[in-house]
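Below: one structure, written as structure tokens.
Protein chains in written order, with our numbering: chain A, 233 to 506; chain B, 233 to 506.
Structure below.
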């Protein structure tokens, strides 16, 4: 088993249950850690969500998600920063080990990916002091390059580590196998992240062949082509001892099954295929 | 205008016309260069295809495509090598300036991307001598990482250049803006490719937001988010003076329009948005 064991990213059962029912289900199945999404928390209320998680005795491997720093104008970028400051406070209330970031894609009407990347760096710089004051680590998550247009101009682990190096203390990376498995530099960059003490989170699911939707066709571990045990080995070798978070967006498959079946399968596959 | 001007990759009108009719259409619209696909050539016959292109006075910026070196067993890999030797001969007959490679994804049942990448290197090594003897340059094309599972384990320009460096004389890269636009290293790697004299081809289309299909939803230049003029500038600065090839797979849009409209639009957008 990798590190502390399995954490369930609650997006995995978002279509089946609200946060409170998902937390109950985790307890029922012996899962000891979750990562809730902001909209799931908002739906039941921040305090109720925090209480449900705490009363259940669950750890919180991360809080999804901060980011979306890129905007067409300064007012939009400031609004994003303000929202990200609130997100950090929420993560503190929830008891999360870090906030996970989807940094934002190209602003509407823009083709300037360099400028968008600068907006992301500026956005992190603007929230860093507050995050440090709260002892809330910021986990920069490189997303698959197919999201560069609309979700994340942070596209590789090397780029995320470069940005974390620049930002310094209180920042690191979330490594999601789905986003980085194809990267020829992956082994080297994981080792680099380990040396820098920068691995804040490790996420898994699988890449299906064929993949029928860019966002909502992620696979259960073992059903796709990612060599998860190999990547786990690299992450372990780099010194990571935290949770392994399962996060599956699957509109036409897992989101249509019963939540209990999904969780049972996550647990089985975490043992057999990760 | 970049270099020699516009070349039409004939996949762009593959649903409208066979090769001979597409060549006639190019002449009608003043296009002076094409890149045919092997299946398009096979359909009308190699000699007929070569004659049609030659009689029309068209240049051939590339021949699509060699590759698919990855296979589950040695017999499959040898079959791929044999097929690639034939592909080089066809490219000579067609008068192509290079063969463009889609190297292959993970073999069926495999999750070992490192092994697949080695198969690709071995495959190129096995055909290199023949290619050199024929004076047929091999254009290694990195494909977008979303194709790593099923089409190409060559995923970044840096990786393609590393492989070309290893293989040496007679090899270079095809840079397709669609596949590499997201890469934080793009400017640096294009400059590196220029220094090495390794840019054999430059392809354009656009990345649509949203993209609804991983393979068949490429956009017309100007309809998406790629900063094509900026990338063109990098390619020019790197010393490339060849053709700019337009290659659009678009099942639900451009493949459904009249071929003449598609070509007219390619010409307009090549002037206005590239």
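Heads up, the beta-carbon is just placed ideally off N, CA and C, and yes, glycines get one too.
| Check | Outcome |
| --- | --- |
| Going by DSSP, what residue range makes up the beta strand (DSSP E) through residue 265 of chain B? | 265-267 |
| Go to residue 499 of chain B, then tell me how far its alpha helix (DSSP H) extends in each direction, as first and last residue. | 491-505 |
| List the residues of chain B whose Cβ lies closer than 7 Å to the Cβ of residue 343 of chain A, in chain order. | 457, 458, 459 |
| Would you be able to state if there are at least three C-beta pairs under 8 Å between the region 302-317 of chain B and the region 345-365 of chain B? | yes |
| Drop a sphere of 10 angstroms on the beta-carbon of residue 493 of chain A, count the other beta-carbons inside from all chains shown, and report buried for 16 or more, exposed for fewer. | exposed |
| Which of the three DSSP states is assigned to residue 271 of chain B in this structure? | helix |
| So, residue 386 of chain A versus residue 372 of chain A, is the Cβ gap smaller than 8 Å? | yes |
| Starting from residue 361 of chain B, find everything on chain A with Cβ-Cβ shorter than 9 Å and list it in chain order. | Ordered by position in chain A, no residue passes the 9 Å Cβ test against residue 361 of chain B, which lies about 26 Å from the chain. |
| At a CB-CB cut-off below 7 Å, which residues of chain B make contact with residue 416 of chain A? | 387, 388, 391 |
| Pull up the distance between the alpha-carbon of residue 505 of chain B and that of residue 382 of chain A, whole angstroms please. | 20 Å |
| Give a yes or no on whether 8 Å exceeds the smallest Cβ distance from residue 435 of chain A to chain B. | no |
| What span of residues does the alpha helix (DSSP H) with residue 396 of chain B cover, start to end? | 389-399 |
| Do residue 267 of chain A and residue 241 of chain A come within 8 Å of each other at the CB atom, strictly closer than that value? | yes |
| Taking 6 Å as the limit between beta carbons, can you name the residues of its chain near residue 426 of chain A, skipping five residues before and five after? | 470, 471 |
| Should residue 443 of chain A be flagged as near chain B, meaning a C-beta pair shorter than 8 Å? | yes |
| Under the rule that 16 or more other beta-carbon atoms within 10 Å means buried, what is residue 346 of chain A, buried or exposed? | exposed |
| Alpha carbon to alpha carbon, what distance is there between residue 257 of chain A and residue 334 of chain B? | 46 Å |
| Per the DSSP calculation, residue 410 of chain B is bridged to which residue(s)? | Residue 410 of chain B is not bridged to any residue. |
| Thinking C-alpha only, which one of B:298, B:415, B:440, B:358 is nearest residue 322 of chain B? | B:298 |
| Should the region 449-464 of chain B be regarded as contacting the region 479-493 of chain B, the criterion being three or more beta carbon pairs within less than 8 Å? | yes |
| Enumerate in chain order the residues of its own chain whose CB-to-CB distance from residue 276 of chain B is below 7 Å, with the five nearest sequence positions on each side excluded. | 250, 251, 252 |
| Is it true that the CB of residue 410 of chain B sits closer than 8 Å to the CB of residue 476 of chain B? | no |
| Closer than 7 Å by beta-carbon distance: list the chain A residues that pair up with residue 439 of chain B, in chain order. | 381 |
| Given residue 358 of chain A, which residues of its chain have a CB within under 6 Å of its CB, disregarding the five upstream and five downstream residues? | 313 |
| Here's the rule: buried if 16 or more other CB atoms are within 10 angstroms of the residue's CB, otherwise exposed. What is residue 461 of chain B? | exposed |
| Let me make sure I understand the geometry here. Which of B:474, B:326, B:320, B:378 has the alpha-carbon closest to that of residue 415 of chain A? | B:378 |
| For residue 370 of chain B, list the residues DSSP reports as bridge partners. | B:331, B:403 |
| Going along chain A in order, which residues have a C-beta closer than 8 Å to the C-beta of residue 232 of chain B? | The shown model of chain B, from 233 to 506, leaves out residue 232 of chain B, and the question about it has no answer. |
| Can you list, in chain order, the stretches of the alpha helix (DSSP H) that have 4 or more residues and sit fully within the region 272-358 of chain A? | 278-287, 306-326 |
| With distance defined between alpha-carbon atoms, name the residue in A:431, A:294, A:395, A:408 nearest to residue 319 of chain A. | A:294 |
| Flag residue 446 of chain A as yes if its beta-carbon sits less than 8 Å from any beta-carbon of chain B, otherwise no. | yes |
| Since I believe residue 480 of chain B is in contact with residue 244 of chain B (beta carbons under 8 Å), could you give me their beta-carbon distance rounded to a whole number of angstroms? | 5 Å |
| Which value, in whole angstroms, describes the spacing of the CA atoms of residue 327 of chain B and residue 502 of chain B? | 24 Å |
| Could you check which residue in B:388, B:401, B:343, B:491 has the C-alpha nearest to that of residue 356 of chain B? | B:401 |
| In terms of alpha-carbon separation, which member of A:284, A:440, A:329, A:388 lies closest to residue 420 of chain A? | A:388 |
| Determine the closest residue to residue 458 of chain A out of B:238, B:344, B:307, with distance taken between C-alpha atoms. | B:344 |
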